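Just so you know, the working numbering puts 405 at position 392 of the sequence shown, and the rest follows in order with no gaps. We treat Cβ as the ideally placed atom computed from N, Cα and C, and that holds for glycine. Predicted, not measured: the structure shown is a model, and the values here were computed from it. Some notes on the structure that comes next.
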Amino acid sequence: MDNNANTIYGDIINNNETTNTTNKNENIIKSFDYENTAITDTVNLIIVDSIDRNASDIHFNPTETGIDIRIRIDGELRLYSKVPDYVKKNMITRIKILAGMNITESRIPQDGAIKQKIQDKDVDLRVSSLPTNLGENIVIRILDYTMSNKGLETLGFSETNLQKVNKMIAEPNGIILVTGATGTGKSTTVYSILQKLNTIDRNIITVEDPIEMNIPGVNQVQVISDIGLTFATSLRSILRQDPDIIMIGEIRDDETARIAVRASITGHLVLSTIHTNTALNTIERLLDMSVERYLLGTALTGIISQKLTKKLCPYCRGTRPTTPYEKNVFKRSLNLDINEIYEAKGCDKCHEGYQGRIAIQEVLLLNQEIRDAITNNMKKEDLRELVYGTGTITMLQDGLTKVINGDTTFEELVKAIDIDDSDLTGKGLTESLEIAEKNNTVLENTEEFKEINQKNDTDYEVFNFDFLNK
Ligand SMILES: [Zn+2]
Numbered sequence: 014m015d016n017n018a019n020t021i022y023g024d025i026i027n028n029n030e031t032t033n034t035t036n037k038n039e040n041i042i043k044s045f046d047y048e049n050t051a052i053t054d055t056v057n058l059i060i061v062d063s064i065d066r067n068a069s070d071i072h073f074n075p076t077e078t079g080i081d082i083r084i085r086i087d088g089e090l091r092l093y094s095k096v097p098d099y100v101k102k103n104m105i106t107r108i109k110i111l112a113g114m115n116i117t118e119s120r121i122p123q124d125g126a127i128k129q130k131i132q133d134k135d136v137d138l139r140v141s142s143l144p145t146n147l148g149e150n151i152v153i154r155i156l157d158y159t160m161s162n163k164g165l166e167t168l169g170f171s172e173t174n175l176q177k178v179n180k181m182i183a184e185p186n187g188i189i190l191v192t193g194a195t196g197t198g199k200s201t202t203v204y205s206i207l208q209k210l211n212t213i214d215r216n217i218i219t220v221e222d223p224i225e226m227n228i229p230g231v232n233q234v235q236v237i238s239d240i241g242l243t244f245a246t247s248l249r250s251i252l253r254q255d256p257d258i259i260m261i262g263e264i265r266d267d268e269t270a271r272i273a274v275r276a277s278i279t280g281h282l283v284l285s286t287i288h289t290n291t292a293l294n295t296i297e298r299l300l301d302m303s304v305e306r307y308l309l310g311t312a313l314t315g316i317i318s319q320k321l322t323k324k325l326c327p328y329c330r331g332t333r334p335t336t337p338y339e340k341n342v343f344k345r346s347l348n349l350d351i352n353e354i355y356e357a358k359g360c361d362k363c364h365e366g367y368q369g370r371i372a373i374q375e376v377l378l379l380n381q382e383i384r385d386a387i388t389n390n391m392k393k394e395d396l397r398e399l400v401y402g403t404g405t406i407t408m409l410q411d412g413l414t415k416v417i418n419g420d421t422t423f424e425e426l427v428k429a430i431d432i433d434d435s436d437l438t439g440k441g442l443t444e445s446l447e448i449a450e451k452n453n454t455v456l457e458n459t460e461e462f463k464e465i466n467q468k469n470d471t472d473y474e475v476f477n478f479d480f481l482n483k
């Protein structure tokens with residue numbers, strides 16, 4: 014892994030010369046020479062520099078004295094530059110020209126895109142403007158597809174979870190849902206699955222809003238609600254196009270949910286995302302969307318829930334003893350006695366001890382018992398017992414395991430998961446893993462699986478998930 018360290022951990026941000034202690038006041042603030050540089054060059058510089066810093070978004074916030082530029086790195090907004098008032102108008106106009114927006118209109122919100130070479134870099138940016146009392150606020154989203162192209166195996170799934178995912182995508186029909194809040198990298202996971210399934214013998218059609226990444230060989234449809242091309246209407250047409258696999262960008266309404274379920278029980282593999290936190294919530298949400306229980310029980314193949322947390326820098330991480338509270342959480346959730354865990358320090362290769370992000374997942378592969386429970390309207394508490402009693406590793410268990418491995422810290426995990434709300438009385442991890450293994454013994458013994466199992470090790474790559482699914 015050390016050989017790949019530079020590419021894996023990406024670009025490095027630090028203008029500080031100090032490399033020793035925690036960089037709590039890490040300074041990335043830049044100033045530009047507006048007197049001697051053309052605004053076009055300065056805007057290009059800001060965009061390219063932000064991409065180099067692995068930022069996911071660039072914000073141009075109008076203030077009374079000009080513009081505050083902030084960039085989002087690893088999920089956190091940081092002040093990047095303060096632009097003087099006399100440049101304000103020119104800068105906003107330049108960005109709007111680049112994005113193909115109407116520069117004579119500043120009273121209504123606009124959307125635009127920048128897809129071109131800037132300083133020899135291919136960039137793909139979404140731009141949006143919003144009029145505020147201090148001027149137009151512009152946000153540029155940087156789209157970066159590198160993560161989706163690295164493959165499903167690099168998304169941080171534990172070995173058990175990856176096996177479950179591979180099993181669900183090997184099914185010829187059914188629905189696979191990737192769930193999580195906004196900005197949890199759902200699209201990255203969906204695109205990674207699609208790329209894996211993208212072979213010449215399969216007709217894959219997607220309906221998306223927006224299309225976040227072009228995949229050669231896949232028919233992608235952009236939703237245009239203004240002219241009546243919604244998820245639901247597109248789906249009806251797609252079904253007449255002899256698809257094998259259908260990807261629906263997001264299930265947002267009852268009608269889409271119902272068509273998705275019907276498509277999956279008529280012999281199609283349907284992939285989609287939905288805004289829910291856990292596998293259990295997802296089932297409830299679908300039933301709330303008036304999807305018939307018996308159809309859902311038949312259709313649902315699996316649910317992948319995920320959250321993102323900051324990835325600990327492997328170069329400078331240190332260790333510390335666990336607090337009594339942490340010890341208790343490890344004991345109750347994993348049935349392990351953990352006396353020491355990793356903590357963030359900070360060095361010239363990271364941001365305050367962290368670099369990139371890592372996903373925490375919960376993967377539910379439905380078995381007949383769970384299907385029957387859905388169909389027969391089993392009580393929520395009993396369904397919970399069934400889901401987590403049959404070897405589903407909870408998101409908390411997955412996260413705590415990643416804390417033990419030094420991929421993230423307890424502090425960051427707590428920000429992503431409300432531990433006090435989580436079910437700590439579940440089975441220990443060892444027990445869960447044993448049950449999971451038992452349930453997976455029927456795993457197809459294909460070459461693909463063997464290959465994956467060989468490849469799969471515990472090194473998780475850095476996630477730059479930020480760009481998708483805001
Ligand atoms: Zn570091």
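- For Gln374, the closest of Leu325, Met408, Pro122 by C-alpha to C-alpha distance is Met408.
- 8 Å or more divides the Cβ of Leu313 from the Cβ of Arg306.
- Annotation for Lys130 indicates a beta carbon at 7 Å or more from all heavy atoms of ligand 1.
- Thr212 and Thr286 have their C-alpha atoms some 22 Å from each other.
- Segment contact: the region 144-164 against the region 279-294, fewer than three CB-CB distances shorter than 8 Å; contact not assigned.
- 8 Å or more divides the Cβ of Ala126 from the Cβ of Arg107.
- Ile258 places its beta carbon less than 8 Å from that of Leu282.
- Pro97 is bridged by DSSP to Gly79.
- About 5 Å separates the beta carbon of Val191 from that of Val203, a gap short enough to meet the 8 Å contact definition.
- Among the bridge pairs identified by DSSP, Gln123 is matched with Ser142.
- Arg275 and Ser142 have their C-alpha atoms roughly 39 Å apart.
- The beta carbon of Ala245 is closer than 8 Å to those of Asp266, Glu268, Thr269, Ile272 in its chain, skipping five residues each way along the sequence.
- For Val61, the CB contacts under 7 Å within the same chain, skipping 5 residues up- and downstream, are Ile131, Gln132, Lys134 in chain order.
- Listed in chain order, the non-local C-beta contacts of Lys101 below 8 Å within the same chain comprise Pro75, Gly79, Ile80, Gly148, local neighbours out to five positions each way being set aside.
- Taken atom to atom, the span from the alpha-carbon of Glu225 to that of Asp70 is near 15 Å.
- DSSP lists Pro334 as the beta-bridge partner residues of Glu353.
- With a cutoff of 7 Å, Tyr328 counts as near ligand 1, since its C-beta is closer than that to a heavy atom of the ligand.
- In this structure, Thr332 places its C-beta atom within 8 Å of the C-beta atom of Glu353.
- Remark: the shortest separation between the CB of Lys323 and any heavy atom of ligand 1 does not fall under 7 Å.
- With 16 or more neighbouring CB atoms inside 10 Å of its own CB, Lys320 falls in the buried class.
- In this chain, the beta strand (DSSP E) harbouring Tyr367 covers 367-378.
- Counted as a single uninterrupted DSSP element, the stretch harbouring Met260 is not any alpha helix (DSSP H) but the beta strand (DSSP E) occupying residues 258-261.
- If you check the C-beta of Lys362 against ligand 1, you find a heavy atom less than 7 Å away.
- Under the three-state reduction of DSSP output, Thr167 falls in the helix class.
- With distances taken between CA atoms, Leu347 lies nearest to Val416 out of Glu184, Glu297, Val416.
- For Leu92, the CB contacts under 7 Å within the same chain, skipping 5 residues up- and downstream, are Ile42, Asp81, Arg83 in chain order.
- A check of alpha carbon separations from Leu168 across Asp420, Leu413, Leu426 identifies Asp420 as the nearest.
- For Ile278 and Asn186, the gap between their C-alpha atoms comes out near 7 Å.
- For Gln129, the secondary structure class from DSSP, reduced to helix, strand or coil, is strand.
- DSSP places Thr53 in the uninterrupted alpha helix (DSSP H) bounded by 52-65.
- Given a length threshold of 3 residues, each whole run of the beta strand (DSSP E) inside the region 305-329 is given here in chain order: 313-325.
- For Gly366, the shortest C-beta to heavy atom distance toward ligand 1 is below 7 Å.
- The residue among Leu248, Lys428, Pro97, Ile264 with its C-alpha nearest the C-alpha of Asn232 is Leu248.
- Rounded to the nearest whole angstrom, the C-alpha separation of Ile251 and Pro223 is 17 Å.
- Taken from the Cβ of Gly193, every heavy atom of ligand 1 lies 7 Å or farther away.
- Annotation: Ala51 to Gly196 spans about 35 Å, alpha carbon to alpha carbon.
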